[in-house]
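A quick write-up on the structure given underneath.
Residue numbers (the working numbering): 1 to 192.
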């Protein structure tokens, strides 16, 4: 996973018309998904973009996926994202993509890997890093945003994991037939 071939494999997708077109589709879908959410507070919302990011990361890997995350965030902002531009919010989906890629790209996709990757993204990326960005932007203390984000992410965690498992169970056979993933998966997705 952390060898040169792993990273080169993902970077090589940037030279493929097929994968560039697929990246474009994911960028468009993620921008649309970013507009479909339920607001919880000034800086918290419940959405479904994480599903698209997980799928995209399993197909494109860390390099192409991170570039897609950067393009999505910036294009989404300039197409009417609202609010103040903040580069930290661009870093957040890049970090999430790297986590998803470590667990799902060129790997056997399992329920345990989905749970661990989602846990890292929820606790580290969303709660720790997201709270830092919110405290920098909105002026309230870090603990204030940390607490709100921890509660939201804790409540949503099991629901999001179930949703991811359902989606990957439906998509893995299609992605394998289309040769978009190299996973040695069986159906349904195994626990380990």
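Heads up, the beta-carbon is just placed ideally off N, CA and C, and yes, glycines get one too. Every value quoted in this text rests on a predicted model; they were computed, and no experiment measured them.
The secondary-structure analysis by DSSP pairs residue 45 across a beta bridge with 39. Using a Cβ distance threshold of 8 Å, residue 169 and residue 108 do not count as a contacting pair.
If you ignore the 5 residues before and after residue 49, its C-beta comes within less than 6 Å of the C-beta of 30, 33, 34, all in its own chain and listed in chain order.
Note that the C-beta distance between residue 70 and residue 94 is below 8 Å. In the structure shown, residue 101 falls within a helical segment according to DSSP collapsed to helix, strand and coil. From the listed residues 192, 180, 51, the smallest Cα separation to residue 162 is found for 51.
Residue environment analysis places residue 121 among the buried positions, since at least 16 neighbouring C-beta atoms fall within 10 angstroms of its C-beta. Here residue 192 is exposed. Its C-beta has fewer than 16 other C-beta atoms within 10 Å.
In terms of CA proximity to residue 165, 55 leads the group 19, 155, 55.
DSSP places residue 141 outside both helix and strand once states are collapsed to three, so it counts as coil.
Rounded to whole angstroms, the separation of the alpha carbons of residue 183 and residue 173 is 10 Å.
With a contact defined as Cβ atoms closer than 8 Å, residue 141 and residue 135 qualify at about 6 Å. The criterion of a C-beta distance shorter than 8 Å is satisfied by residue 127 and residue 150.
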